[in-house]
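Step one of this worksheet: look at the structure below.
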Amino acid sequence: MRILISLVSFFMILNACTEEETGPIFIQILNGNQVTFDSVFLYTQQGNKPYGTLAPGDTSEYLKANDGIGEPSLLLMVNGDTISSINIVADRVLPPPLSPGYYTYEVTFTEDFGYYSTRQLP
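For the sequence shown, the numbering used here assigns the number 209 to the initial residue and increments by one for each residue that follows.
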């Protein structure tokens, strides 16, 4: 019985000592619409990341983000209109933070800006 308790204790301690994944997160934006994005900004805890102008179907360069979330907050300028998606955590659960790596967010919306979505691509 002592051996069993010792083994269980050992594995519990070993499991508690595992490190979280750390490292850089790189995010790019894909314009999934038929209109040009005049400006694209990704909101992060360290400030806004400017992704510049994106023509329809274009993908931005990867920018380093220290805090990536599975459902991003973005600001877009399209034909003089501002489209903003800010995720507020007050009444719903957001996806977990991103692990280190490279990610692409495809951004789409309807012509009347009534529907806005982002989709994380593998």
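Beta carbons: idealized from backbone N, C-alpha and C, even for Gly. Only a predicted model underlies this, so the values are computations on that prediction, with no experimental measurement involved.
- Assignment of T230 by DSSP, reduced to helix, strand and coil, places it in the coil class.
- Short of 7 Å from the beta carbon of N241, and not among the five residues preceding or following it, lie these beta carbons of its own chain, in chain order: P264, T316, F317.
- Here the C-alpha atom of Y311 lies approximately 15 Å from the C-alpha atom of Y251.
- Bounds of the beta strand (DSSP E) holding S247 are 245-252.
- Inclusion of P305 and T230 in the CB contact set at 8 Å is not warranted, their separation being larger than that value.
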